[in-house]
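Undergrad: First the structure, which I've put down as structure tokens, then a few questions once you've had a look.
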Amino acid sequence: MRKLVLLALLLSMQGVFAQNKEIQQSIDTFFEGLHNKDVEKIQSVCDSGLMLQSVSRNNKGEVTLTTDEAPKFFAAIAAVPKELEIEEKLLEYKIQFDGAMAHVWTPYEFYVEGKLSHKGVNSFQLYNDKGIWKIVYIIDTREKA
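Going by this note's numbering, the first residue of the sequence shown is number 1, and it counts up by one from there.
So this is what it looks like as structure tokens:
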């Protein structure tokens, strides 16, 4: 009986690891596209209704919430000069999922031309659309370096 329970536990854990890997792959694809300014690659893992928000603190310590529409975000990425090096380093992935819905929390550091620009945390909401984990919502915090 113990062996049967252990086998069931191992099989269920294998499913969790596979789901986590698939979810993380969508996030990784998003950032590969960002780093290469490849809007099509980013869009491949985003829902058409993608919503983006940022929480930041100004010099007076006041918190502001800004909202970007997906088309503006994609246009901004496409407008980044190809020679400008940008990199968002994800420091950790905290993935939670239930069925076809997932949440990913990723602390990050954002670099421009190798110099730390800002840091914070990303929060992604995703759903599984016919086997592809699609990002439907991104909110992040931004703290100047």
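Here a beta-carbon is modelled for each residue, glycine too, at the ideal position from N, C-alpha and C.
1) Which residues mark the beginning and the end of the alpha helix (DSSP H) in which Val39 is found?
2) Sorted by chain position, which residues of the same chain lie with C-beta nearer than 6 Å to Glu113's C-beta, five sequence neighbours on each side aside?
3) I need the DSSP call for Ala102, collapsed to helix, strand or coil.
4) Specify the secondary structure class of Gly61 as computed by DSSP and reduced to three states.
5) Determine whether the beta carbon atoms of Pro107 and Glu92 lie at a separation below 8 Å.
6) Take every Cβ of the region 24-31, pair it with every Cβ of the region 67-83, and state whether three or more of those distances are shorter than 8 Å.
7) Assign Gly120 to one of three DSSP states: helix, strand, or coil.
8) Relative to the C-alpha of Ser44, which candidate in Thr141, Tyr111, Asp129 has its C-alpha closest?
9) Take Glu22 as the anchor and find which of Arg57, Thr67, Gln96 has the nearest alpha-carbon.
TA: Let's see:
1) Along the sequence shown, one-based indexing puts residue 39 at 39. Looking at the DSSP string, the run of the alpha helix (DSSP H) that includes Val39 is 39-43.
2) Against the sequence shown, residue 113 aligns to sequence position 113. Hits under 6 Å: Glu85.
3) Along the sequence shown, read from residue 1 onward, the residue named residue 102 stands at position 102. Ala102: strand per DSSP, three-state reduction.
4) As a position in the sequence shown, residue 61 is number 61, starting the count at 1. In the structure shown, Gly61 sits in coil (DSSP, three-state: anything other than H, G, I, E or B).
5) The count along the sequence shown starts at 1 and reaches residue 107 at position 107. The count along the sequence shown starts at 1 and reaches residue 92 at position 92. The answer is yes: Cβ separation under 8 Å.
6) no
7) Here the question's residue 120 lines up with position 120 in the sequence shown. Strand.
8) Position 44 of the sequence shown, counted from the start, is the residue given in the question as residue 44. For Ser44, the closest alpha carbon among the candidates Thr141, Tyr111, Asp129 is that of Asp129.
9) As a first step, residue 22 is located in the sequence shown; it is residue number 22 there, counting from the start. Of the candidates Arg57, Thr67, Gln96, the one whose C-alpha sits nearest the C-alpha of Glu22 is Gln96.
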